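Colleague: Numbering (full-length UniProt numbering), first residue to last: 1 to 71. All C-beta atoms in this analysis are idealised placements derived from N, C-alpha and C, irrespective of residue type, glycine included. Owing to the predicted nature of the structure, the values given are computational and were not obtained by experimental measurement. Sharing a structure here in structure tokens format.
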């Protein structure tokens, strides 16, 4: 994972939110894993820089790790 602190990036946050909305709109079974996958796919389709994508991927990795710990 990227160990450098990153600044708040509104574009990444909006991309994550839109990814969640995509899953909810579809109406299929909603799980943490389907949300993470949808968010990741949505972020990859955005016109973000490599470092922004890496930061978003690191955030998703952290969410995944924390989710596994709580299950």
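How many angstroms separate the CA atom of residue 11 from the CA atom of residue 22?
Modeller: So the alpha carbons of these two residues sit roughly 16 angstroms apart.
Colleague: I believe residue 53 touches residue 16 by the beta-carbon criterion, under 8 angstroms. Please report the beta-carbon distance rounded to the nearest angstrom.
Modeller: Not quite, the Cβ-Cβ distance comes to about 12 angstroms (not below 8 angstroms), so this is no contact.
Colleague: Could you round the C-beta distance between residue 60 and residue 40 to whole angstroms and report it? I think they count as a contact, below 8 angstroms.
Modeller: Correct: roughly 6 angstroms between the Cβ atoms.
Colleague: Using the beta-carbon count (16 or more within 10 Å), is residue 38 buried or exposed?
Modeller: Buried is the call here.
Colleague: Apply the 10 Å Cβ neighbour rule to residue 55 and answer buried if 16 or more other Cβ atoms are within range, or exposed otherwise.
Modeller: That one is buried.
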